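First the structure, in the form of structure tokens, and then the observations on it.
Number of protein chains: 2
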Amino acid sequence: MEITRETDYAIRCVLHLSEAPNDVIMVDEIAKAKSIPKSFLSKILQKLAKANIVKSYRGVKGGFQIAKAPREINLLDVIDAIEGPVAMNRCAVNKKFCSLSSNCTVHPVWVELRKDVEKKLKKIDFARLIVSKKQ
Amino acid sequence: MEITRETDYAIRCVLHLSEAPNDVIMVDEIAKAKSIPKSFLSKILQKLAKANIVKSYRGVKGGFQIAKAPREINLLDVIDAIEGPVAMNRCAVNKKFCSLSSNCTVHPVWVELRKDVEKKLKKIDFARLIVSKKQ
DNA sequence: AAAAACTTGACAAATTTTTTTAAAATAGGA
DNA sequence: TCCTATTTTAAAAAAATTTGTCAAGTTTTT
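Protein chains in written order, with our numbering: chain R, 35 to 169; chain V, 35 to 169.
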């Protein structure tokens, strides 16, 4: 029941960009600052760009920049961008995965737990994560 | 952020055994009843046995039986037995995995979320899961 | 035109999950 | 007691997923 390495990297990356919202930063710099394999990070940034969390600029002087105010981005946004919908069990997203379907008494537990976790993750925005760093 | 297939199987299995606490049931029967690959289930049952959630009997007339009252076993017990300590991020269990260690502002979020999820899972015992089935 | 930097897709390595196979143990009967 | 069918146990193999790499292509600035 863990987030993946990829998601962890994505969060670090958004954190880095959030700390300098006005700067366009190269993949290489983020990779070094946050100890993330560069080519893997490139891919992650693509997903974040598609989710409109970061903007990309190509060519010389290119790089990535946060696409909106850090307080407008929360942990759930990033996790969703990378992993897709959060679920504890695949059947909590799509019931066809639940071979026992209708009479599965555990199913509702996953659904509720999922809602709970989502609610919590939505509360943590990146402005807050930066602030707590400065303390 | 999902539980594994293995954990899902383990829960179904404990559920099956909880429904007949006085019976010793063969792997094969559980496997068929709950749509779990038989040999994979064997492995899962070993882990459950080590965690003292089920008892095993070998030889002819052998099989598995629930080791304590269903109300004494909760979802967290089973997940812990299979996956080890629940964490959202590996660094929430052991800080040495967190390359950014001391100044990682996300770390406390995982720790708290973990506590939350554990608390919820601990509340769901198998007596309850059976009851809701009968309704 | 050349250099710098992102984009994309294919591929490879590592890890985890699932399945298969062979070994060990036991109840029960000859 | 000893054999055998039955069942668990354990190790190994296969499949799937995750993580990481690389190279060719595209865009932008100088």
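Where a beta carbon is used, it is the ideal one built from N, C-alpha and C, also for glycine.
Computed from a prediction, not measured in an experiment: that's the story for all the values here.
Practice item. For T202(V), count neighbouring C-beta atoms within 10 Å of its own C-beta (all shown protein chains included) and say buried if the count is 16 or more, exposed if not. Key: The question about residue 202(V) has no answer, for chain V in this structure spans 35 to 169.
Check your understanding: Considering only residues of the same chain and omitting the five flanking positions on each side of K89(V), which have a CB-CB separation below 6 Å?
Key -> Translated into the one-based positions of the second sequence, residue 89(V) becomes position 55. Within the same chain, K89(V) has close Cβ partners Q99, A101.
Practice item. Within the same chain, show all residues whose beta-carbon is closer than 8 Å to that of Y91(R), passing over the 5 residues directly before and after it, in chain order. Key: The sequence position of residue 91(R) within the first sequence is 57, counting from 1. Short of 8 Å from the beta carbon of Y91(R), and not among the five residues preceding or following it, lie these beta carbons of its own chain, in chain order: V58, G97, F98, Q99.
Practice item. For K81(V), collect the residues of the same chain with a Cβ closer than 8 Å to its Cβ; drop the 5 residues on either side in sequence, then sort them by chain order. Key: As a working mapping, residue 81(V) is identified with position 47 in the second sequence. A distance below 8 Å between beta-carbons, with the five flanking residues on each side excluded, links K81(V) to the following residues of its chain, in chain order: A44, A115, I116.
Practice item. For L163(R), go through chain V and note every residue whose CB falls closer than 7 Å to its CB, in chain order. Key: The residue labelled residue 163(R) in the question sits at position 129 within the first sequence. Chain V residues near L163(R): T139, V140.
Point to revise | Own chain partners of L147(R) with C-beta closer than 7 Å, once the 5 adjacent residues on each side are dropped | key: Residue 147(R) sits at position 113 when you count from the first residue of the first sequence. Cβ contact annotation for L147(R) (same chain, cutoff 7 Å, sequence separation greater than five): M122, in chain order.
**Study point:** Given A65(R) as reference, the closest of I158(R), L79(R), K157(R) once Cα atoms are compared
**Key:** Your numbering for residue 65(R) matches position 31 in the first sequence. Distances from the alpha-carbon of A65(R) to those of I158(R), L79(R), K157(R) put L79(R) closest.
Check your understanding: Can the beta-carbon of V151(V) be found closer than 8 Å to that of I87(V)?
Key -> Here residue 151(V) is taken as the residue at index 117 of the second sequence, counted from 1. Here residue 87(V) is taken as the residue at index 53 of the second sequence, counted from 1. When the beta-carbon positions are compared, V151(V) and I87(V) stay at least 8 Å from each other.
Check your understanding: Where does D62(V) land, buried or exposed, given buried means 16+ other C-beta within 10 angstroms?
Key -> Indexing the second sequence from 1 puts residue 62(V) at position 28. Its Cβ having fewer than 16 others within 10 Å, D62(V) is exposed.
Practice item. Note down the Cα distance separating T38(R) from I107(R), rounded to an integer number of angstroms. Key: Counted from its first residue, the first sequence places residue 38(R) at position 4. Counted from its first residue, the first sequence places residue 107(R) at position 73. The straight-line gap from Cα to Cα measures roughly 19 Å.
Exercise for review: Please list the residues of the region 45-79 of chain R that have a C-beta atom closer than 9 Å to any C-beta atom in chain V, keeping them in chain order.
Suggested key: Under the 9 Å Cβ criterion, the region 45-79 of chain R contributes I45, R46, L49, K68, S69.
Point to revise | Distance, L109(R) Cα to K157(R) Cα | key: Counted from its first residue, the first sequence places residue 157(R) at position 123. Counted from its first residue, the first sequence places residue 109(R) at position 75. Rounded to whole angstroms, the separation of the alpha carbons of L109(R) and K157(R) is 8 Å.
Exercise for review: Note down, in chain order, each residue of its chain lying with its Cβ closer than 6 Å to the Cβ of M60(V), except the 5 sequence neighbours on either side.
Suggested key: As a working note, residue 60(V) is residue 26 in the second sequence. Within its own chain, the residues whose Cβ lies closer than 6 Å to the Cβ of M60(V), once the five positions on either side in sequence are excluded, are G97, listed in chain order.
Practice item. Give the secondary structure of D57(R) by DSSP, where H, G and I count as helix, E and B as strand, and everything else as coil. Key: The residue given as residue 57(R) occupies position 23 in the first sequence. In the structure shown, D57(R) sits in coil (DSSP, three-state: anything other than H, G, I, E or B).
Check your understanding: Counting contacts by CB-CB distance shorter than 8 Å, is N9(V) in contact with chain R?
Key -> An answer regarding residue 9(V) cannot be provided, because it is not within the stretch 35 to 169 covered by chain V.
**Study point:** Of the listed residues L155(R), A103(R), V94(R), nearest to I113(R) (C-alpha basis)
**Key:** Here residue 113(R) corresponds to residue number 79 of the first sequence, with the count starting at 1. It is L155(R).
**Study point:** Alpha-carbon to alpha-carbon, S52(R) and K153(V)
**Key:** One-based indexing of the second sequence puts residue 153(V) at position 119. One-based indexing of the first sequence puts residue 52(R) at position 18. About 32 Å.
Check your understanding: Whose C-alpha, out of M35(V), V165(V), R46(V), is nearest the C-alpha of K68(V)?
Key -> Taking the second sequence and counting its residues from 1, the one referred to as residue 68(V) is at position 34. The shortest C-alpha separation from K68(V) is found at R46(V).
**Study point:** Three-way DSSP call (helix, strand, coil) for I100(V) in this model
**Key:** Taking the first residue of the second sequence as 1, we reach residue 100(V) at position 66. Taken through DSSP and simplified to helix, strand or coil, I100(V) comes out as strand.
Review point. Taking C-beta to C-beta, are P104(R) and A161(R) nearer than 8 Å?
Key: Position 70 of the first sequence, counted from the start, is the residue given in the question as residue 104(R). Position 127 of the first sequence, counted from the start, is the residue given in the question as residue 161(R). With contacts defined by Cβ atoms closer than 8 Å, P104(R) and A161(R) form a contacting pair.
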